[in-house]
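Each number in the numbering used here corresponds to the 1-based position in the sequence shown with 2 added. Where a beta carbon is used, it is the ideal one built from N, C-alpha and C, also for glycine. What follows is a set of notes on a single structure, which appears directly below.
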Amino acid sequence: AGSRGCAPAAPGGPWAPGWRGAALRGAAPSAPCRSSAAAPAAAPAGRRSARARFPRSRPGRRRGRLYCRVGIGFHLQLHPDGRVDGAHDASPLSILEIFAVSQGIVGIRGVFSNKFLAMSKKGKLHASARFTSECQFRERFQENSYNTYASAVHRGRRSGREWYVALNKRGKAKRGCSPRARPQHVSTHFLPRFRQPPPPQLAFTVTRPEKKPPPPPPPPPPKKMAAATPPRQSHGPVKYRLKFRFG
Numbered sequence: 003a004g005s006r007g008c009a010p011a012a013p014g015g016p017w018a019p020g021w022r023g024a025a026l027r028g029a030a031p032s033a034p035c036r037s038s039a040a041a042p043a044a045a046p047a048g049r050r051s052a053r054a055r056f057p058r059s060r061p062g063r064r065r066g067r068l069y070c071r072v073g074i075g076f077h078l079q080l081h082p083d084g085r086v087d088g089a090h091d092a093s094p095l096s097i098l099e100i101f102a103v104s105q106g107i108v109g110i111r112g113v114f115s116n117k118f119l120a121m122s123k124k125g126k127l128h129a130s131a132r133f134t135s136e137c138q139f140r141e142r143f144q145e146n147s148y149n150t151y152a153s154a155v156h157r158g159r160r161s162g163r164e165w166y167v168a169l170n171k172r173g174k175a176k177r178g179c180s181p182r183a184r185p186q187h188v189s190t191h192f193l194p195r196f197r198q199p200p201p202p203q204l205a206f207t208v209t210r211p212e213k214k215p216p217p218p219p220p221p222p223p224p225k226k227m228a229a230a231t232p233p234r235q236s237h238g239p240v241k242y243r244l245k246f247r248f249g
């Protein structure tokens with residue numbers, strides 16, 4: 003190699019035989035070669051783990067929670083081990099992402115577990131790592147502002163009744179083939195709680211015209227003082243005439 007090449011490091015480091023003698027003779031011990039290009043700084047572990055757990059949702063997808071009003075009220079949540087149940091208090095496991103597959107058909111993905119809600123051919127709810135036909139549900143809007151989710155693949159063979167996503171009064175997932183898992187029962191009613199952006203504040207500014215102060219009133223005209231007449235001085239006696247009243 004050229005002058006820029008790196009000499010191979012002595013095996014064993016300072017404990018190898020001959021290394022001490024080379025140092026005494028003035029030969030510099032060889033150092034391990036380092037690449038001239040610096041490696042890019044890695045992102046902090048906390049941010050990287052947070053991004054991996056909560057990836058950003060794609061445009062056109064709804065992110066929020068599904069609240070079932072059965073019992074004391076439960077939030078549908080998907081666990082990383084594949085379990086599906088409900089919790090009264092909201093948690094990261096209950097953050098779901100609902101996306102459209104076709105007209106009236108949606109898929110439900112757990113943001114924290116990164117798994118999809120699925121219903122098996124026996125009507126059991128579970129979380130699947132892969133999106134299959136069992137992960138497709140038919141979303142319907144009820145009159146009471148709640149939604150129902152029925153499996154788009156599985157249903158009753160004899161009756162043809164649809165199998166719905168449902169929770170019991172203890173928060174456990176019910177089988178879709180259960181006789182009480184009907185669209186009229188509260189166990190199948192889910193209220194979507196999506197975080198919507200705040201509405202924009204519509205405001206406008208109005209500039210008030212500057213009010214000029216009124217002009218000061220004109221000073222009152224000076225009052226004309228009447229000339230004082232000097233009192234008359236009588237030099238002679240004053241005569242009074244008597245007035246008589248008849249009748």
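Tell me, to the nearest whole angstrom, how far the beta carbon of P82 is from that of S115; I am working on the premise that it is less than 8 Å. Looking up residue 82 in the sequence shown gives position 80. Looking up residue 115 in the sequence shown gives position 113. At roughly 4 Å, the Cβ-Cβ gap stays under 8 Å, so P82 and S115 are in contact.
Taking contact to mean at least 3 C-beta pairs separated by less than 8 Å, is the region 167-179 in contact with the region 196-214? no
Please confirm whether I107 and F118 have their CB atoms less than 8 Å apart. If you number the sequence shown from 1, residue 107 lands on position 105. If you number the sequence shown from 1, residue 118 lands on position 116. No. Outside cutoff.
Count the other CB atoms, across all protein chains shown, that sit within 10 Å of the CB of E145; report buried if there are 16 or more and exposed otherwise. As a working note, residue 145 is residue 143 in the sequence shown. By the 10 Å Cβ count, E145 comes out exposed.
Using the C-alpha atoms, what's the distance from S130 back to N149? Locating residue 149 in the sequence shown gives position 147, counting from the first residue. Locating residue 130 in the sequence shown gives position 128, counting from the first residue. Answer to the nearest angstrom: the Cα atoms are 22 Å apart.
DSSP-derived helix/strand/coil call for L127: Looking up residue 127 in the sequence shown gives position 125. If DSSP states are grouped into helix, strand and coil, L127 belongs with the strands.
One or two residues paired with L95 in a DSSP bridge: For this step, residue 95 is matched to residue 93 along the sequence shown. Paired residue(s): none; L95 is not in a bridge.
Per DSSP, L244 is paired with what? Here residue 244 refers to the residue found at position 242 when the sequence shown is read from its first residue. DSSP, once it has assigned bridges, lists no residue as partnering L244.
Check for me: the beta strand (DSSP E) holding D83 runs from which residue to which? The residue you call residue 83 lines up with position 81 of the sequence shown. Looking at the DSSP string, D83 is not in any beta strand (DSSP E), and its letter there is neither H nor E.
G125 vs G73 beta-carbon contact at 8 Å: As a working mapping, residue 125 is identified with position 123 in the sequence shown. As a working mapping, residue 73 is identified with position 71 in the sequence shown. It is not a contact, given that the beta carbons lie outside the stated cut-off.
Looking at the secondary structure, which residues open and close the beta strand (DSSP E) in which N149 lies? The residue labelled residue 149 in the question sits at position 147 within the sequence shown. Here the beta strand (DSSP E) through N149 covers N149 to R157.
Does A186 pass the burial test, meaning 16 or more other C-beta atoms within 10 Å, or should it be called exposed? Along the sequence shown, read from residue 1 onward, the residue named residue 186 stands at position 184. Here residue 186 is Gln; the residue named in the question, Ala, does not match the sequence. Its Cβ having fewer than 16 others within 10 Å, Q186 is exposed.
Under the rule that 16 or more other beta-carbon atoms within 10 Å means buried, what is P233, buried or exposed? Here residue 233 is taken as the residue at index 231 of the sequence shown, counted from 1. Its Cβ having fewer than 16 others within 10 Å, P233 is exposed.
Looking at the secondary structure, which residues open and close the beta strand (DSSP E) in which C70 lies? On the sequence shown, residue 70 is found 68 positions in, with the first residue counted as 1. First-last of the beta strand (DSSP E) with C70: R64 to C70.
Grouping DSSP H, G and I as helix and E and B as strand, with all else coil, what is F206? Sequence index remark: in the sequence shown, residue 206 carries index 204 (1-based). F206: coil per DSSP, three-state reduction.
Across which residues does DSSP place P194 in a beta bridge pair? Within the sequence shown, residue 194 is the residue found at index 192, counting from 1. DSSP lists L68 as partners of P194.
With distances taken from CA atoms, which of R157, R63 and L127 is nearest V2? In the structure as shown, the chain begins at 3 and stops at 249. Residue 2 is therefore absent and cannot be evaluated.
Three-way DSSP call (helix, strand, coil) for V113 in this model: By one-based count along the sequence shown, residue 113 stands at place 111. Three-state result, V113: coil.
From the DSSP output, read off the bridge partner residues of F143. Within the sequence shown, numbered from 1, the residue matching residue 143 stands at position 141. In DSSP, F143 forms a bridge with N149.
Just to confirm my understanding: we take Y69, look at its own chain, exclude 5 residues before and 5 after, and list those with CB closer than 7 Å. What are they? The sequence position of residue 69 within the sequence shown is 67, counting from 1. Same-chain partners within the cutoff: G75, H77, F192, L193 and R195.
With a CB to CB cut of under 6 Å and the five nearest residues on each side skipped, what residues in its chain are close to E164? Residue numbering aside, residue 164 sits at position 162 when the sequence shown is read from its first letter. A152 and R157.
What did DSSP end up calling S189 once you bin it into helix, strand or coil? The count along the sequence shown starts at 1 and reaches residue 189 at position 187. Here S189 sits in helix by DSSP.
If I follow the unbroken beta strand (DSSP E) through M121, where does it start and stop? Here residue 121 corresponds to residue number 119 of the sequence shown, with the count starting at 1. Where M121 is concerned, the enclosing beta strand (DSSP E) stretches over F118 to M121.
What's the gap between the Cα of G238 and the Cα of P219? Within the sequence shown, residue 238 is the residue found at index 236, counting from 1. Within the sequence shown, residue 219 is the residue found at index 217, counting from 1. Approximately 55 Å between the Cα atoms of the pair.
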